[in-house]
Structures are given as structure tokens and as C-alpha cells.
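Asks: Protein chains in written order, with the working numbering: chain A, 1 to 344; chain B, 1001 to 1344.
All residues carry an ideal CB built from backbone N, CA and C; glycine is no exception.
Note that the coordinates shown come from a computational prediction; the quantities given were computed from them, not determined experimentally.
Can you keep this structure in mind? I'll have questions shortly.
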DNA sequence: GTGAAAGCGCTAACAG
DNA sequence: CTGTTAGCGCTTTCAC
């Protein structure tokens, strides 16, 4: 008995067909909700299915239909709430449409990303979500020759090589700069994320630098740090040596680090030092002082990627780009726009 | 030309075989690293593969081998860093062994979980990670009849129906209680997570209640709240009405809420009120006062699940249970163990 | 070592 | 409406 179980074979469509006294084609029709099956026959087939505990074999189905009903996502990490939330939404939206999600993590390594893209293609995903617009030539070539439908999220560029569903990182940072300058801050420093192979981080720096230049200013200090509270906190020390009156952070995780470093250094926020983040993680609003940051539509990006990818797949079209909005949320780590330029 | 591309067909093993002047069997052997292929032939095949840009078709492979080289994970949410981190580690470890990861989110809904388990089976994953020991009869039946290898993580029970790789939630909470009592706290309340369909949350409550009873005490108040800072913060108000001198929180997210609520109420932590969390999220150490909490081996669980699942798959054995340790991390939201029992 | 042939479980024309 | 017949692309005996 336990031995019998060991070699137990899953019921197959053929078994169901025999049990119901029909052809496998009919079973397939019932499974796929085809309307051209008599109710009586349909009932018989459904009875056989549940009697046998039959479970369809998706690989076989994929092989026959050349469709996997699966989406893929290659992301830098799940250890940042902003990506976790995006993937969460992507999965929910995909599932609502009957698609599965296979994910892999690149750890911000573009060469690894290319390998992962290839594996996604092998797995036969029908659509793929990537993050950002920085990708290796190898990855691009793979995507191009296989014509795999894909969307690059978390970024938006006029001239992007692939469809983008995201936002303009540079523009968002420009808004931050305007706010800071309007508040009277002049000695502005930036603690950025690693810009190598990361167009989002790079755009944020460039966005800040260019807009500052427009105000006739430049960064009094610019340092890059990994996305970790601890490392950002450590990097804040040398950064603060330039005696900035405001620090623009590459994202909220970095802002947390600077926040704690400033507190430790006995600096008053926002009077001695202003701090801005990016992402609007839940906790930015709860810390005191609450962090001024930029709201990023992470869940919406995930949801939209799923929907647009699936629409494109099912209508046999190409996904299109979508530019989403960010919003500056002014809280307590920057002064309210009172100390405007030119006040006595 | 653009029209030609539209109907472009992926190179198949047959194409490679023809190009290399060998049989598909030989191509297959090369692909799978079989040793019984002459070097000269192998080279010819490899040349053809890269010349044609051939990419193997995993569905076809899975159909033929009855193996998918994919793992599945069904988790409650990705919007909690502790699960995100576990999945992140699971993916990394799986990938190292050549396995893909397909994930789905149950939103703490056990009926949905059962549906997702079924989809995982359809997809043909070779192994599955679930969270906790609470599952519907339907899910259990599916797992049992298909004999799908699986591990239930985040929990550990002597009599678990499935292999567990996790920790004893009740024991961890008992340790929290001991610490609190040794510190002199007596009016202890608990803000728990939703216990319905969640054995981890239930075990944490039971672990606290039983250990308190051992000390001749009982909770002065017990309320459940969703795992959200905002809702926990709101729930803390009625909870504090019982005038507890310590609040045990179901996890760190809830602890954040209580932390902010206490601060808002003007209570001094830990003198007016002690707070304990669970999970040891990064920020618990950085807030001030830093939160006393329980370290949970999330990444390790993910990694071990992948390894043990894959070992079991490849050696054709069943995965076994592993009990991991948690550790109480005493920080600043509880008094140091000075006010021990019986002091004047 | 290598090729031929038979499927893996399912869907998709095509008849009837 | 339903059955028959071919495959989808790959692996796997079994001969040679």
C-alpha cells in the first residue's frame, strides 16, 4: 500500500477521457471552457475529473500552445520594501488574470541580470518585468532576438530602448532641489546610491546637479553609499564634514541612515540640517522628525506592468510606455517654504 | 524584413542537430553534459548552438523528464520585510542550484492558499515552501495525494503534519515574558496579530499566556490588530486604557505602532511602558529608544528551505524538519534586568 | 559514441 | 458537437 503510493501516477487527460467515455480532445475542451460541448458530456467529464483528482499538466499545455501563462520579474533585490511592494502588486495583478509569476534577483549585477533574463526565456515566460534602463548588450540582444515582451519599470526616459512604466527620476529630484532652495538651503550635499549600472541612481544625482546649476548652485559634497541604513549612517560622517545645511538622499533607506547620524551628531533637524529621502516608505512618516521624501508609485507600477504585459500578450501587440507621477511630500526634515529666497 | 521577424521561429534542437550534422540525441547529450560525446562532436554542436542562438525550451524538457527544476513559494505577503527577506534568500539559494522560483501571495487567506498550492502543482514545481502549519484540508489533501515535496517554514511544532523549517514561536514569546517579569513588569498587555488561520500569531499569544500563568500572572489586556503600523497605532489606544506597564507585540510592525502611540501619549519608554517586538527588523535597532525584540532567522530559513527541498528532490528522499533558534535582543524599550523579582 | 524511434501530456486542425 | 490525427521540443531506451 505504501509501496503502491510510491509509484502512484498522476491521472492524465487520457485517464479522464476513458473514465468519461470521451476523447481527450473533449476533455481539453471542457478544461478550456469551450462552448461546443453538450452539457451532459461536460458534466460527465467534470465528474471524471474530480473522481480521479485530475490536475492538468501546465508544461504539456505550454508546449502545445506555446504559451506559458507566466510572467517573469528580474529585480535587484527584495530587501528593499519598495521592490517588495512592487513585486507583491505584480503578482496579485498577474494572478487575477490567471498568470503565475517567476522571480529572480540580480543583486544589482547587470551581468547576472543578463543570465537571469536568459533563464526567463528558457522557462518560457510570456512577459517580463525588468527594473530600470541600464542593461547589458547581451540582455538587450536576448530580448530583441526572442522578441520577448517586456517592460522596464522604475524609470522613464523619452528615448528608452524598451517600453517603460515608471517615473522620471531626474525630474523628481529636481523638485526636491527646488523645495530645498525655496526654503533657503544653499549648502546642499548628496548621499547617493551606487550609480554604476544603475540609471535610477544616476538620474537622481543628475537631476539634482542640473537643477542646482539652474539655481547657480552646486553640491557641496557628493558621496555614494550602498542601500543600507548602517552603511549610509557611516557614510554620513564624512559627508557632513563639508558642513552642508541640507542632505539629499538617494532613497529613504539612506535617509534613515543620515537621520540617525545627524541625531547622533547632535544636529537639529531641520534647522542645522535638512534631510530628504526618496520612495516614501511607511516609516518615513512615523519617525520624528518625519522625513520629507518623494512618493513613488511602486504598487501601481507592479499592477500596471502585469496588466499591460498581459494585454500585450493576449492582443498580440507590443506594450507601450507609461509615465507615472511622483509627488514631493514635505514633512519635518525640511523647513516649510517660509524661509524663501530673499527674506531679510 | 520586419515582416520576416514577426514570424521568426526560435531555433530548436532539431535545427542545431542539422547544423552540426548530428542527431538531436547528441545535442541533448551535449546540453546535459553527458560524457559520452567525442570532444570534436561536442565542439561542433556548441558552435551550432551559439551560431543559431539556440535557447533550450524548458517546458519541453520538463515534459520529457518530469522535472521542472523550479521551486515554488506560497507566502502571506511580501509587504513585510521578514517574508521579503526569506523569499530573497530562498531565491538566491535555489538559483545557485539551478532552480527557478515561482511565488504567489495568499494575503493570509487559507482558502486562497489552497488554490495557489494547486496552481503550483499544475505548474509542476519540484518542491514548495509554505508558511506556517495552518492549512486547509483541501491544501493538505492536494499535497498528500500528489506527494509534492514541501516544507512549512516560519513555524516549528513537534507534531507538525508537514516538515517544518522554522522556530518555536511560543517558546520565543515565553522568553520575552521571562525577561519582562524579571525586569519587574507585572501589568502586561499584548497587541497580537490576527490569530485566525495563523498558527504563528496564535502560538505567540499562547506562548505568552502560558508563561505568564507560570509566573502567576495573566494579560491585563489582549487585542488583535492587522500587521500595519497605522492600525497598530490606533489599536494601541484602547489597549493602553488598561494601564499596562508593558506591551508585548505580535511583531515589530505592531511594535512600531505602539512605540509611536506611546510617544504620542507622552508615556516614557521603558519607564511608564515597556514594549517588545518580534522579528528584529533593521529599524528596531535604530529607533530611539531601540526596540527590544526577538531575532528571527528569516534569510536562513529561506536558504535552508531551498537547500533541503532540492536535496530531497535530487536524492529522492523526503525533507526533514529543522528547528532553528530565535534570540531575545534586549534593547531600550525594556529595562535592563535590574529590577529583578523580590528587590526591595 | 551515436542515431532512430518512441513517447512525455496536451492542444489544434480537420473531418464527420 | 465530437473523435482522429498530428505534432509542440525534448529526453531516453535500444540498437548499431
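#1: Check whether the Cβ of residue 1122(B) lies closer than 7 Å to any Cβ atom in chain A.
#2: Are three or more beta carbon pairs between the region 288–299 of chain A and the region 326–336 of chain A nearer than 8 Å?
#3: In terms of residue numbering, what span does the beta strand (DSSP E) encompassing residue 302(A) cover?
#4: At 7 Å on the CB atoms, spell out the chain B contacts of residue 58(A), in chain order.
#5: Could you give the residue range of the alpha helix (DSSP H) that holds residue 1148(B)?
#6: Identify whether residue 1068(B) lies in helix, strand or coil by the three-state DSSP scheme.
#7: Give every residue of the same chain whose Cβ lies closer than 7 Å to the Cβ of residue 1305(B), excluding the five residues on either side of it in the sequence, and list them in chain order.
#8: I'd like to know whether the C-beta atoms of residue 298(A) and residue 105(A) end up nearer to each other than 7 Å.
#9: Any idea what DSSP makes of residue 1237(B), helix, strand or coil?
#10: Per DSSP, residue 106(A) forms a beta bridge with which residues?
#11: So, residue 1197(B) versus residue 1110(B), is the Cβ gap smaller than 7 Å?
#12: Any C-beta of chain B within less than 9 Å: which residues of the region 204–223 of chain A qualify?
#13: Check the Cβ of residue 291(A) against every Cβ in chain B and list those closer than 8 Å, keeping chain order.
#14: Within the 7 Å Cβ cut-off, does residue 314(A) reach chain B?
#15: Check whether the region 64–81 of chain A and the region 30–40 of chain A touch, using three or more Cβ-Cβ pairs below 8 Å as the test.
#16: What is the residue span of the beta strand (DSSP E) that residue 1327(B) lies within?
#17: I'd like to check one pair, residue 1237(B) with residue 1191(B): are the Cβ atoms closer than 7 Å?
#18: Would you mind sorting residue 158(A) into buried or exposed? The rule is 16 or more other CB atoms within 10 Å of its CB.
#19: Using a C-beta cutoff of 7 Å, does residue 103(A) count as contacting chain B?
#20: What do you get for residue 271(A), buried or exposed, if any count of 16 or more other CB atoms within 10 angstroms of its CB means buried?
#21: In chain order, what residues of the same chain lie with their CB nearer than 7 Å to the CB of residue 175(A), ignoring the 5 residues before and after it?
#22: Count the other CB atoms, across all protein chains shown, that sit within 10 Å of the CB of residue 1062(B); report buried if there are 16 or more and exposed otherwise.
#23: Measuring only between beta-carbons, confirm whether residue 1296(B) sits less than 7 Å from chain A.
#24: Where does residue 1035(B) land, buried or exposed, given buried means 16+ other C-beta within 10 angstroms?
#25: On a Cα-Cα basis, can you pick out the residue from 1025(B), 1103(B), 1022(B) and 1012(B) that is closest to residue 1052(B)?
#26: What's the C-alpha gap between residue 1314(B) and residue 317(A)?
#27: Which chain B residues sit within Cβ distance under 7 Å of residue 95(A)?
#28: So, with DSSP's three-state summary, where would you put residue 1198(B)?
#29: Between residue 1144(B) and chain A, is there a C-beta pair that is closer than 7 Å?
#30: Cα separation between residue 1199(B) and residue 1252(B)?
#31: Can you name the residues of chain B whose CB is closer than 7 Å to the CB of residue 87(A)?
#32: Which parts of the region 1206–1234 of chain B are runs of the beta strand (DSSP E), unbroken and 3 residues or longer, counting only runs that do not cross its ends?
#33: Can you look up residue 1088(B) in the DSSP assignment and give me helix, strand or coil?
#34: Give every residue of the same chain whose Cβ lies closer than 7 Å to the Cβ of residue 351(A), excluding the five residues on either side of it in the sequence, and list them in chain order.
#35: Determine the DSSP secondary structure at residue 100(A), reduced to helix, strand or coil.
#36: On a CA-only basis, which of 1273(B), 1208(B) and 1054(B) is nearest residue 1014(B)? Give me that one, please.
Replies: Inspection of the coordinates gives the following:
#1: yes
#2: yes
#3: Counting along the chain, residue 302(A) falls outside any beta strand (DSSP E), though it belongs to the alpha helix (DSSP H) covering 298–315.
#4: 1122, 1123 and 1124
#5: That residue, residue 1148(B), is in no alpha helix (DSSP H); it is neither H nor E in DSSP.
#6: coil
#7: 1090, 1129, 1151, 1153 and 1165
#8: no
#9: helix
#10: Paired residues: none, contrary to the question.
#11: yes
#12: none
#13: What residue 291(A) touches in chain B: nothing, since even the nearest Cβ is about 12 Å away.
#14: no
#15: no
#16: 1327–1329
#17: no
#18: exposed
#19: yes
#20: exposed
#21: 328
#22: buried
#23: no
#24: exposed
#25: 1012(B)
#26: 41 Å
#27: 1104
#28: coil
#29: no
#30: 17 Å
#31: 1078
#32: 1221–1224
#33: helix
#34: Absent from the structure is residue 351(A), since the part of chain A shown begins at 1 and ends at 344.
#35: strand
#36: 1054(B)
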